[in-house]
Each structure stands twice: as C-alpha cells, then as structure tokens.
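Protein chains: 2
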Amino acid sequence: MTQLPTREELRIWRDFIETTDALRAELAARLQHDSALSTGDYAVLLALTEAEGRRLRSSELAAVIGWERSRLSHHLGRMDKRGLIRRENCTNDNRGAEILLTEEGASAFGRATVPHLRAIRDLFVDALTPDQIAAAGDLAEALRGRLNR
Amino acid sequence: MTQLPTREELRIWRDFIETTDALRAELAARLQHDSALSTGDYAVLLALTEAEGRRLRSSELAAVIGWERSRLSHHLGRMDKRGLIRRENCTNDNRGAEILLTEEGASAFGRATVPHLRAIRDLFVDALTPDQIAAAGDLAEALRGRLNR
DNA sequence: GGAATATAATTGACATGTCAATCATTTCCG
DNA sequence: CGGAAATGATTGACATGTCAATTATATTCC
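Here you go:
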C-alpha cells in the first residue's frame, strides 16, 4: 500500500514544480518580447526549419513536436493568418496537408533563435553548476521512466 | 558576452523541461479523472480549506496561490457556477469580495486530496532516490535564485 | 465493385490564461 | 470638505488547450 508523501517531500515537490513552471513562463515571456513568437510558434518553426525542403505533413509535424493533431490544427490556423506558414494539399494523399515554412516564417525564426538560446543559457545553464546540470538530466530520465511505465 | 548552450546542454534542457511538463500534465489528468477537479480548482480549494473560517478575501486568495487577480476572478466565476465556492460582499470594505468554501466544495476537496497525494508519491517521490529528491530541491532553489535575480 | 473500416485533418464547444480597460469604493491630503 | 489617486475586483477581447464530432479520402476484404 502506498504511503502519502511526507511534509518535506511535499515541500520539495511544490518548490520543484512551481519553479519549473515559473522558468517556463519567464522563458516564454522573453521569447514573446524579443521575437513576438510564442513557444508554440517556436516549436513549429524549428521543426519546419529542420525538415527536408522546409515542409512537413501535418501529422508528421505533430509527431515531431509531440502535439495532438487538433491542437496543431488550431495553432496552424493562427500561424497561417499571420503569414508564418502555409498549407498545401498533399499530392500523393488527398486527405493530407503539407505545411511549409514561408519566407516570413523563416526570417521570424531566424531573428528568434539566438536570443532564445541566450535566454536558456541565462536562466538554466548559467544558473546551475555542471553537477547540477547533470543532476537535471538524471532527474528527467528518472521521471520520464516512471511516466512511461 | 554570453555563449550559447552546447548541444549537450540543450539536450538536457529539452529533456528537463519537456519531462516536467509531461509530469504536470499527467498529474492534472489523474486529478481530473479521480475527482473532476482541475489543478486550479484544487489550489483554490486547498487555500480555502486551510483558511480561517474557510473564507478569504479575493486578493488574499490570489496572493496565497500566486495568481493574477483577473485569472482568479475568471476561475472563481466558473467555480461559483459549479457550486464549489460562493462570493459574499465584504462587510468592512464594500469594494471587496469574500470567497467562501461551500459544503459541496469542501466535500469535493475531501474526495480529491488522498488520491492526489498518492499520485504525487507515485509520479515524483517513488520515481526518485532520496538523493535525487534532495537534488530536485537544490535545483529548484538554484533556478529560483536566478529567476528572482 | 462496394460496404465496412481506418486514416488525415479540421471544426465547434468549451476550459483556461493574459492583458488592458472599466467600475466602484476608499484613502490621501490640500 | 472634496477632488485626485490608490485599491479591489470584474469584465471583455483574445490566445491557447482539450475533447468529441465531422468531413473527406484511402484501404481492406468479401
């Protein structure tokens, strides 16, 4: 039978989850401020930038960034309206859509990437000792292992 | 001048942030499944349960759980509609509102709490060694320090 | 061939989050 | 006192997220 967490374990849990949340929020705010992109926009643009021919089937894009398809569909609608991506019919499967990076999307991503990496360096890498960074990797692996159990 | 993160640092960063995100999502899903409550609902109900007289001024509630007031206001509207809390006018400051826990809210929280703590134990505490739990506390402190710089 | 099924993607309804604007009351101070 | 500023809270507009239903095409298999 499973025990409940102790007071101290609960304190660490709350500290941990709230801090990672605040970290994510601060990074998103900086990205928005520096580049007018959300972290979702960034993930989509990164995947397309790295894709063969700067284009991907919608479902492959969803798999690459780990999103549900309906979420992606809604998000692509918004990015399309802003001119960051475009949708084309897939030639060999008429059900499918191909998502391609526009010039505008590519240049927005280009402007975003260095400031974003700097922010990661500033808020994560430089905040930790090399041991702590290794510990973060360990933690992620252990937690991920439990989640995928 | 700030260097960019190395490939390895970036790999750990992505692992770390994605895993904590997945952890949060899984915990929210279990809470929803076990208790029909969101983590937001839970935070509000916890704060009210622990408050003197099971009631709090709206702004104090916001401070306790660390939310913006407009976010809280919207959320309380939804919780009010579901009968989990009630709003009353504050007697000594007519601008203010007092939020109070209903019987229904209290019992919903009562049903939620043990399963939720068990989920934290299962997904966090039991996934880690004691050393790793301590390391998680360290990490949170270091990252928090940088965020509050 | 053609009905049943699977797959790709979008859509609609709604929950949640942020930001800026608004409204009412209280407090400050000349 | 009484107008200006501060405070408490809500609201509206919109971005984002989930889930279930829908649409359209492709595949399977008798």
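Chain order of the listed sequences is A and B.
Just so we're aligned: 4 in our numbering is position 4 of the first sequence, and the numbers increase by one with no gaps anywhere.
Just so we're aligned: 92 in our numbering is position 92 of the second sequence, and the numbers increase by one with no gaps anywhere.
The beta-carbon is built from N, C-alpha and C at its ideal position, and this holds for glycine as well.
Contacting residues, own chain, Cβ-Cβ under 8 Å from residue i (five flanking each side not counted)
i, result
"G105 (chain A)", "L45, L48, M79, G83, L84 and I85"
Cα-Cα separation, residue i to residue j
i, j, result
"L123 (chain A)", "A43 (chain B)", "27 Å"
"D126 (chain A)", "H116 (chain A)", "14 Å"
"L143 (chain A)", "G77 (chain B)", "35 Å"
"A11 (chain B)", "A62 (chain A)", "One point to set straight first is that residue 11 (chain B) is Arg, not Ala, in the sequence displayed. C-alpha separation (whole angstroms): 20 Å."
"I120 (chain B)", "R87 (chain B)", "31 Å"
"L31 (chain A)", "T102 (chain A)", "20 Å"
"R182 (chain B)", "E52 (chain A)", "The structure shown has nothing for residue 182 (chain B), since chain B only spans 1 to 149."
"D41 (chain B)", "T39 (chain A)", "26 Å"
"N92 (chain A)", "T129 (chain B)", "51 Å"
"K81 (chain A)", "E68 (chain B)", "30 Å"
"T19 (chain B)", "G145 (chain B)", "21 Å"
"E9 (chain A)", "A134 (chain B)", "9 Å"
"D21 (chain A)", "V114 (chain B)", "24 Å"
"N94 (chain A)", "G66 (chain B)", "49 Å"
"A29 (chain B)", "R149 (chain A)", "16 Å"
"E50 (chain A)", "E50 (chain B)", "50 Å"
Chain B contact for residue i (CB, 9 Å cutoff)
i, result
"E168 (chain A)", "Lying before the first or after the last residue shown, residue 168 (chain A) is absent from chain A, which here runs from 1 to 149."
"T102 (chain A)", "no"
"D138 (chain A)", "yes"
"D34 (chain A)", "no"
"F180 (chain A)", "Because chain A here runs from 1 to 149, residue 180 (chain A) falls outside it and cannot be looked at."
"A63 (chain A)", "no"
"R121 (chain A)", "yes"
"A135 (chain A)", "yes"
"L147 (chain A)", "yes"
"L128 (chain A)", "yes"
"L31 (chain A)", "no"
"R165 (chain A)", "This structure cannot speak to residue 165 (chain A), because chain A is shown only from 1 to 149."
"E18 (chain A)", "yes"
Cutoff 9 Å: residue i Cβ touching any chain A Cβ
i, result
"Q3 (chain B)", "yes"
"W13 (chain B)", "yes"
"A106 (chain B)", "no"
"F124 (chain B)", "yes"
"A112 (chain B)", "no"
"L143 (chain B)", "yes"
"G66 (chain B)", "yes"
"I99 (chain B)", "no"
"A47 (chain B)", "no"
"L23 (chain B)", "yes"
"L10 (chain B)", "yes"
"E26 (chain B)", "yes"
"T91 (chain B)", "no"
Cβ neighbours of residue i in the same chain (closer than 6 Å, five flanking residues each side left out)
i, result
"G96 (chain A)", "R57 and C90"
"L147 (chain A)", "none"
"V64 (chain A)", "A47"
Same chain, Cβ closer than 7 Å to residue i, five either side skipped, listed in chain order
i, result
"I99 (chain B)", "L48, R55, L56, S58, L61, L76, I85 and R87"
"D131 (chain A)", "none"
Three or more C-beta pairs closer than 8 Å, one from the stretch 17-27 of chain A and one from the stretch 50-59 of chain A: is that the case here?
Output reads no: the stretch 50-59 of chain A does not touch the stretch 17-27 of chain A.
Three or more C-beta pairs below 8 Å linking the stretch 3-13 of chain B and the stretch 131-142 of chain B
Touching, no.
Taking three-plus beta-carbon pairs below 8 Å as touching, is the stretch 8-19 of chain A in contact with the stretch 62-80 of chain A?
No: fewer than three Cβ pairs fall under 8 Å.
With contact counted as at least three CB pairs below 8 Å, one residue from each stretch, are the stretch 107-114 of chain B and the stretch 29-44 of chain B in contact?
Three or more pairs of CB atoms, one per stretch, sit closer than 8 Å, so the stretch 107-114 of chain B contacts the stretch 29-44 of chain B.
Taking only runs of the alpha helix (DSSP H) that begin and end inside the stretch 60-139 of chain B, which ones reach a length of at least 4 residues, in chain order?
Runs found: 69-81 and 103-120.
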